[in-house]
Amino acid sequence: MNDAVQIPAEGHCQCGQNVVQLLGPAKWVAHCHCLNCQHAHGAVMVTWAGYTDGAYVIDEANTEWYSSSPEAQRGRCKHCGSPMYFRSTRWPGELHIARVFLLDNSIPPPQAHVFCHSTPAWMTNQNDIPHFEQLPNKNA
Ligand SMILES: [Zn+2]
Ligand SMILES: [Zn+2]
2 MNDAVQIPAE
12 GHCQCGQNVV
22 QLLGPAKWVA
32 HCHCLNCQHA
42 HGAVMVTWAG
52 YTDGAYVIDE
62 ANTEWYSSSP
72 EAQRGRCKHC
82 GSPMYFRSTR
92 WPGELHIARV
102 FLLDNSIPPP
112 QAHVFCHSTP
122 AWMTNQNDIP
132 HFEQLPNKNA
């Protein structure tokens, strides 16, 4: 028994039909602000966890791939459309998995923000605006 081998952890899409197994630790975790990620996810940034080939098993039968640029492909759940995966000739031998779909609490927190030149100006100082646990109480 090798203590370095982690217990397989699961992740899944919104509808639960696209499941991912993790067989090893994430190589890195980072927030990507690039325009392709923004448009593919309809979000201001995407938090990715990078896994070396062999450290994950994805559900190819329930994954639909498309080219988001000449060198990159993105994989989404065939049923609910959850944007889960990214791979590119720029990072051979690696799969990037959108962190929100992974349930493994041992994955380290993100270490960096990348491609911040694409962060919209309206995102500046957003930590300074009010944050509410749920919706603000109108009567407060
Ligand atoms: Zn799904
Ligand atoms: Zn990106």
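All letters in the sequence shown, in the order written, are residues 2 to 141 by the working numbering.
We put the CB at the ideal spot given by N, CA and C, even for glycine.
Predicted model, so just to flag it, every value in this text is computed and none were measured.
Since residue i and residue j are thought to touch, with beta carbons under 8 Å apart, how far apart are those beta carbons, to the nearest angstrom?
i: CYS78; j: GLN18; result: 7 Å
i: THR48; j: VAL101; result: 7 Å
i: ALA27; j: GLY55; result: At roughly 13 Å, the Cβ-Cβ gap does not stay under 8 Å, so ALA27 and GLY55 are not in contact.
i: LEU40; j: PHE116; result: Reading off the sequence, residue 40 comes out as His, not Leu. Contact doesn't hold; Cβ gap of about 13 Å is too wide.
Looking at C-alpha atoms only, which residue of the options is the closest neighbour of residue i?
i: GLY43; options: SER83, SER68, CYS16 and GLY12; result: SER83
i: GLY76; options: CYS38, SER119 and ALA113; result: CYS38
i: GLN71; options: THR90, THR53 and GLU11; result: Per the sequence presented here, residue 71 reads as Pro, with Gln not at that position. The shortest Cα separation from PRO71 among THR90, THR53 and GLU11 belongs to THR90.
i: MET46; options: ILE59, GLU134 and MET124; result: MET124
i: GLY12; options: LYS139, PRO137 and ASP105; result: ASP105
i: THR1; options: TRP92, CYS16 and SER69; result: Residue 1 falls outside the range modelled here, since the chain spans only 2 to 141, and no answer is possible.
i: HIS97; options: PRO137, VAL58, GLN15 and CYS16; result: VAL58
i: ILE108; options: ALA31, HIS118 and ASP60; result: ALA31
i: ARG88; options: ALA99, LEU136 and PRO131; result: ALA99
i: ALA113; options: ILE130, TRP29 and SER69; result: TRP29
i: GLN15; options: CYS81, THR120, ASN138 and HIS132; result: CYS81
i: SER68; options: GLU61, THR120 and TYR86; result: TYR86
i: SER223; options: VAL20, GLY25, LEU36 and ASP60; result: Because the chain here runs from 2 to 141, residue 223 falls outside it and cannot be looked at.
i: GLY94; options: ILE130, PRO137, LEU103 and ALA73; result: ALA73
Let's see if you can read the secondary structure: which residues bound the alpha helix (DSSP H) around residue i?
i: GLY42; result: A small correction: the amino acid at residue 42 is His; Gly does not occupy that position in the sequence shown. Unbroken alpha helix (DSSP H) run through HIS42: 36 to 42.
With respect to the beta strand (DSSP E) encompassing residue i, which residues constitute its N-terminal and C-terminal limits?
i: LEU23; result: 20 to 23
i: GLN144; result: Given that the chain is displayed from residue 2 to residue 141, the structure contains no residue 144 and the question cannot be resolved.
i: GLU65; result: 64 to 70
i: CYS78; result: 73 to 78
i: VAL58; result: 57 to 59
i: GLY51; result: 47 to 53
i: CYS33; result: 29 to 33
- [ ] Output the residue ranges of the beta strand (DSSP E) runs that lie fully inside the stretch 84 to 138 and measure 3 residues or longer, sorted by chain position.
- [x] Counting whole runs of 3 or more residues, the stretch 84 to 138 contains the beta strand (DSSP E) stretches 84 to 89, 95 to 99 and 113 to 115.
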